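Below is one structure; the comments refer to it alone.
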Amino acid sequence: MKSTRRFFLQVSAGATGSLVLGGGIAQAQRPGRPAGPPILPSAFIQIAPTGMVTLTAKNPEMGQGIKTALPMIIADELDLDWKMVTVVQADLNEAKYGSQSAGGSRSTPNNWDLLRRVGAAGRLMLVTAAAEAWSVPVAELSTELGRVHHKASGRSVGYGELAATAATLPAPDLNKVKLKDPKDYKLIGKSLPIVDLPAMVSGKPIYSIDFKLPGMLYATFEKCPVFNGKAVSANLDEIKALPGIKTAFLVEGNGDVSSLASGVAIVASKWWYANEARKKLKVEWNEGPNATHSTAAYNAKAQELFAQKPAFSIRKDGDPEAALAAAAKTVDAKYTFPFISHAQLEPGNCTAKFENGKLELWAPSQTPGRGLQMASQALGLPPADITVHQLRTGGGFGRRLANDYLVEAAWIAKQLPGTPVKLLWNREDDMRHDFYRPGGYQHMRGGVDAAGKLVAWHDHFVSFGEGDKFVSSSNIAPGEFPAQFVPNFGVEATLIPTGVPTGPLRAPRSNSLAWVIHSFIDELAHAAGKDPVQFRLDLLGEPRVVGKGMEAYNAGRMRAVLESVAERSGWGKRKLPKGRGMGVGFHYSHSGYFAEVAEVSVDAQNRVKVHKVWAVGDVGSQIIHPSSAANQVEGAIIDGLSELMNQEITIAKGRTVQSNYHQHQAVRMKQAPPEIDVHFIKSDNPPTGLGEPPLPPLLPAVSNAIFAACGKRVRTLPLVKEGFRWA
Amino acid sequence: MAIRLNVNGKPVSVDVPANMPLLWVLRDELEQCGTKFGCGAGLCGACTVHQDGVPVRSCVTPVSAVAGKSVTTIEGLSPNANHPLQQAWLEFDVPQCGYCQAGQIMTAAALLEKNPKPTDAEIDAAMDGNLCRCGTYTRIRKAIHRAAELTRAAKTNREE
Chain A
3 MKSTRRFFLQ
13 VSAGATGSLV
23 LGGGIAQAQR
33 PGRPAGPPIL
43 PSAFIQIAPT
53 GMVTLTAKNP
63 EMGQGIKTAL
73 PMIIADELDL
83 DWKMVTVVQA
93 DLNEAKYGSQ
103 SAGGSRSTPN
113 NWDLLRRVGA
123 AGRLMLVTAA
133 AEAWSVPVAE
143 LSTELGRVHH
153 KASGRSVGYG
163 ELAATAATLP
173 APDLNKVKLK
183 DPKDYKLIGK
193 SLPIVDLPAM
203 VSGKPIYSID
213 FKLPGMLYAT
223 FEKCPVFNGK
233 AVSANLDEIK
243 ALPGIKTAFL
253 VEGNGDVSSL
263 ASGVAIVASK
273 WWYANEARKK
283 LKVEWNEGPN
293 ATHSTAAYNA
303 KAQELFAQKP
313 AFSIRKDGDP
323 EAALAAAAKT
333 VDAKYTFPFI
343 SHAQLEPGNC
353 TAKFENGKLE
363 LWAPSQTPGR
373 GLQMASQALG
383 LPPADITVHQ
393 LRTGGGFGRR
403 LANDYLVEAA
413 WIAKQLPGTP
423 VKLLWNREDD
433 MRHDFYRPGG
443 YQHMRGGVDA
453 AGKLVAWHDH
463 FVSFGEGDKF
473 VSSSNIAPGE
483 FPAQFVPNFG
493 VEATLIPTGV
503 PTGPLRAPRS
513 NSLAWVIHSF
523 IDELAHAAGK
533 DPVQFRLDLL
543 GEPRVVGKGM
553 EAYNAGRMRA
563 VLESVAERSG
573 WGKRKLPKGR
583 GMGVGFHYSH
593 SGYFAEVAEV
603 SVDAQNRVKV
613 HKVWAVGDVG
623 SQIIHPSSAA
633 NQVEGAIIDG
643 LSELMNQEIT
653 IAKGRTVQSN
663 YHQHQAVRMK
673 QAPPEIDVHF
683 IKSDNPPTGL
693 GEPPLPPLLP
703 AVSNAIFAAC
713 GKRVRTLPLV
723 KEGFRWA
Chain B
517 MAIRLNVNGK
527 PVSVDVPANM
537 PLLWVLRDEL
547 EQCGTKFGCG
557 AGLCGACTVH
567 QDGVPVRSCV
577 TPVSAVAGKS
587 VTTIEGLSPN
597 ANHPLQQAWL
607 EFDVPQCGYC
617 QAGQIMTAAA
627 LLEKNPKPTD
637 AEIDAAMDGN
647 LCRCGTYTRI
657 RKAIHRAAEL
667 TRAAKTNREE
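First to last, the protein sequences are chains A and B. Here the first sequence stands for residues 3 to 729, where the numbers follow the numbering used here. Here the second sequence stands for residues 517 to 676, where the numbers follow the numbering used here.
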């Protein structure tokens, strides 16, 4: 579409005298996105007369480094000097910035193209301004470190001096703007100083929990320990008389725990008073139908269902039953994995202020747009009357894809018009009212032919849901590996109804499925008498793309990471002492290909030490910030170890048994591998995200290494239930 | 009842119940929010501060227990956020979410005070009470070694 509108510059804007670069751009300027209002460079780029540049970070930052990585993309195309850049966090405004969320490792792939175009459009405006001023062709100009240069005449000018003129020029079309050749990137691919890092190490109040407003009160919210139970009555008068307490009231809730659960709100002058008052709180609950649910009952039901025909089919290729009957060797194994909690370190919280019919929220959400909609629905306020500010958050891992803390804070603040309120959960609230990674049960049967080739696969997946409708994050995709790689392949499922809230946890589905699939592939490799890496290479076959659309699987990319990790780890080439073994796993998820090898020892008391992990990933052509990228992989590996060894949420009488970190343990420093080797293969594919794909292969790699070390095959998680513990 | 203590070199007086944990005195009475709330039960170490130089979990330390004592928080660790640990944390890009890191740094600072050249095993033992949910342990360990080096180098320079 032709650009016809003119830029206009908001010269007067801002007490700092900053110039806002950008202005109106023609419609259809949301590259690769559904139609919506145009996205303007001015949303992201402000250039002060001094040449100092402020870049806006659009997406939620929870430790994945996106507040640094996304502005770097703009800065590179704009040819900025990073030392001149200040990054500010955007408020929620998806009309202005495009989608603002952090989940599914989508922040990089969703913004890679858009933000390069924003940077390039800004650069073009500045260069055009210089060309007009000097009466030279744009083609003769170059840019570097925040300046435009005209080589022929030796002239140069800083962006700060050009911004005012630049903003009066015709708008570049984001879809047509010329992008840099990747070989010319100067910032992308460099480990630049991370935004907020100095503030983090000096204790600056940068997190959601730290946010304060004058006159702010603090709230706690006691929910029914049984999911979706209701508060009938409480000793509110007694509570209101306690020190520091301003008010207390029942919240009826709206029947949806992902929005507004029922419970008792206590509001105090300081948070500790509100939390302390809960020790005296007596609530009569109507626990509702979920009170009969328990992990023990789920486990018993799963065994009962394994003995029956599966309820429905998810995929069937060839004839799995006939192929199993005809196979030279078969393996039959049942795998079990538990519910687990996100347990991000900063507990759920949100600050809200309701005044003159308008609601303002300061939230640590991974999906602030959804949060706004949910608050709008729960409170009956028009979306236009709600403002959401995004605050840095102490870990997400998928927990903050939900917005229950946000809606609760909004509801409580609405009862106290004009008074800002910070809702803060304690750790017990956080762990007992999560949207858990669902557990599951998989009865696996597989067969290899006389040549050791995998020819038959059948999975009876007992998961959670009603009929054939899985609860959140409990399903298996019909294309899940090794679908399309085994000629006779079947996945069938039976679902157990549950009242336990479930949701995505870092690498949802993959974080459990990869463990089952690659543990079982390992069993089949051993049955076939094949080396576990070679067996997998044979299974992947020739480098090619298998399947289409959502099921497209690039066997070549996976082979490359698998071969690389085998080489880097010295797979099959090193003589290991007795009691030590190596294991391998790979997994494709969230657009990323990862293969990992673990070297593990197990002693006679089943004490496990992970000596080293090698990880090789392919997430496309560019690693935007190599140090952050490696940090994500290292963290995913350690996160995977926590899930493998210790973490389990159990349910009894409809409530979560575990309450704090002593019962849902994460790896400590001495249990972390002394060495983690991270390597990226840069393939000719657009850059994709890294938060999730490095996690899934870790679990089978370590499980398989345990088998190699001591001959014990792990089929139930966490490992503590199988008698293992950390050395 | 007013309780007097010294926080980051300054005498302060707070009028709060004796059993209010030091964490909440710091965060909500003294507006020093660098010390973090993670578990409320001494399990995660995010709230670690120094009491007369010794690392304590402020979430389970009643303010009455530090009456008349000196408390150092992350805000008071160094005059310009230039403690060797803070420098090393920047050098290795240690944090991800960063929420636990104030506690990690305070525990590590107490370690280096009494053991200027710790081994891996000594670091692991000292840091055992500090959880990093993002899993930055290998970088924390490296950064502690680096900070020890920086401290020794600074000392050598002073002596020369």
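All C-beta atoms in this analysis are idealised placements derived from N, C-alpha and C, irrespective of residue type, glycine included. What you are looking at is a predicted structure, and each value in this text was computed from that prediction instead of being measured.
Limits of the unbroken beta strand (DSSP E) element including residue i
i: residue 423(A); result: 423 to 426
i: residue 591(A); result: 582 to 591
i: residue 619(A); result: 609 to 620
i: residue 334(A); result: 331 to 339
i: residue 507(A); result: From DSSP, residue 507(A) is part of no beta strand (DSSP E); its letter is neither H nor E.
i: residue 522(B); result: 518 to 523
i: residue 186(A); result: Per DSSP, residue 186(A) belongs to no beta strand (DSSP E) and is neither H nor E.
i: residue 460(A); result: 456 to 468
Residue-level contact to chain B via CB, residue i, 9 Å cutoff
i: residue 174(A); result: no
i: residue 4(A); result: With a pLDDT of 32 at residue 4(A), under the threshold of 50, the predicted position of this residue should be treated as unreliable, and no value is reported.
i: residue 668(A); result: yes
i: residue 428(A); result: yes
i: residue 339(A); result: no
i: residue 288(A); result: no
i: residue 633(A); result: yes
i: residue 274(A); result: yes
Residue i burial status per 10 Å Cβ neighbour count (16 or more: buried)
i: residue 23(A); result: Residue confidence for residue 23(A) is low, a pLDDT of 49 falling below 50, so the modelled location carries little weight and cannot support an answer.
i: residue 804(A); result: No answer is possible for residue 804(A): the residues shown for chain A start at 3 and end at 729.
i: residue 664(A); result: exposed
i: residue 731(A); result: Residue 731(A) cannot be examined here, being either before or after the span of chain A that is shown, 3 to 729.
i: residue 654(A); result: exposed
i: residue 576(A); result: exposed
i: residue 405(A); result: buried
i: residue 64(A); result: buried
i: residue 69(A); result: buried
i: residue 651(B); result: buried
Chain A within 9 Å of residue i, Cβ atoms only
i: residue 629(B); result: no
i: residue 610(B); result: yes
i: residue 656(B); result: yes
i: residue 567(B); result: no
i: residue 665(B); result: no
i: residue 547(B); result: yes
i: residue 552(B); result: yes
i: residue 678(B); result: Only positions 517 to 676 of chain B appear in this structure, which leaves residue 678(B) out of reach.
i: residue 525(B); result: no
Element boundaries [alpha helix (DSSP H), containing residue i]
i: residue 406(A); result: 406 to 416
i: residue 356(A); result: No alpha helix (DSSP H) contains residue 356(A), which is instead part of the beta strand (DSSP E) from 351 to 357.
i: residue 446(A); result: Here residue 446(A) belongs to no alpha helix (DSSP H); instead the beta strand (DSSP E) covers 442 to 450.
i: residue 381(A); result: 370 to 381
i: residue 308(A); result: 297 to 308
i: residue 535(B); result: From DSSP, residue 535(B) is part of no alpha helix (DSSP H); its letter is neither H nor E.
i: residue 439(A); result: No alpha helix (DSSP H) contains residue 439(A), which DSSP labels as neither H nor E.
i: residue 240(A); result: 238 to 242
i: residue 117(A); result: 109 to 136
Under 7 Å (Cβ pairs) to chain B, residues found in the stretch 208 to 228 of chain A: Taken in chain order, the members of the stretch 208 to 228 of chain A whose beta-carbon sits within less than 7 Å of a beta-carbon on chain B are 209, 211 and 212.
Please confirm if the stretch 452 to 469 of chain A is in contact with the stretch 418 to 425 of chain A, defined as three or more CB-CB distances below 8 Å between the two stretches. Verdict: no, contact absent.
At a CB distance below 7 Å, what residues from the stretch 572 to 601 of chain B approach chain A? Give them in sequence order. Answer set for the stretch 572 to 601 of chain B: 589, 590, 591 and 597.
Any residues in the stretch 532 to 545 of chain B with a beta carbon nearer than 9 Å to a beta carbon of chain A? Which ones, in chain order? 532, 533, 535, 536, 537, 539, 540, 541, 543, 544 and 545: these are the residues of the stretch 532 to 545 of chain B whose beta carbon lies less than 9 Å from some beta carbon of chain A, given in chain order.
Are the stretch 204 to 215 of chain A and the stretch 389 to 401 of chain A in contact at 8 Å, needing three or more beta carbon pairs? Yes: at least three Cβ pairs fall under 8 Å.
Taking 8 Å as the threshold, find out whether the stretch 319 to 329 of chain A comes into contact with the stretch 666 to 683 of chain A through three or more Cβ pairs. No: fewer than three Cβ pairs fall under 8 Å.
Return the residues of the stretch 239 to 272 of chain A that lie within a Cβ-Cβ distance of less than 8 Å from chain B, sorted by chain order. Residues of the stretch 239 to 272 of chain A with a Cβ closer than 8 Å to any Cβ of chain B, in chain order: 245 and 272.
Is the stretch 171 to 179 of chain A touching the stretch 114 to 123 of chain A, taking contact as three or more C-beta pairs under 8 Å? Here the stretch 171 to 179 of chain A lies against the stretch 114 to 123 of chain A, with 3 or more beta-carbon pairs under 8 Å apart.
Using a Cβ-Cβ cut-off of less than 8 Å, list which residues of the stretch 342 to 359 of chain A approach chain B; keep chain order. Hits within the stretch, in order: 345, 346, 347, 348 and 349.
Would you be able to state if there are at least three C-beta pairs under 8 Å between the stretch 402 to 420 of chain A and the stretch 228 to 241 of chain A? Verdict: no, contact absent.
Inter-stretch contact at 8 Å, needing at least 3 Cβ pairs: the stretch 520 to 537 of chain A / the stretch 631 to 649 of chain A: Short answer: they don't touch.
Please determine if the stretch 488 to 499 of chain A and the stretch 460 to 479 of chain A are in contact, where contact requires at least 3 C-beta pairs separated by less than 8 Å. Contact between the stretch 488 to 499 of chain A and the stretch 460 to 479 of chain A is established, with three or more Cβ pairs separated by less than 8 Å.
Counting only Cβ-Cβ distances shorter than 8 Å, please list the residues of the stretch 607 to 637 of chain A near chain B, keeping chain order. Along the stretch 607 to 637 of chain A, going in chain order, the ones with a CB nearer than 8 Å to a CB of chain B are 629, 630, 633, 634, 636 and 637.
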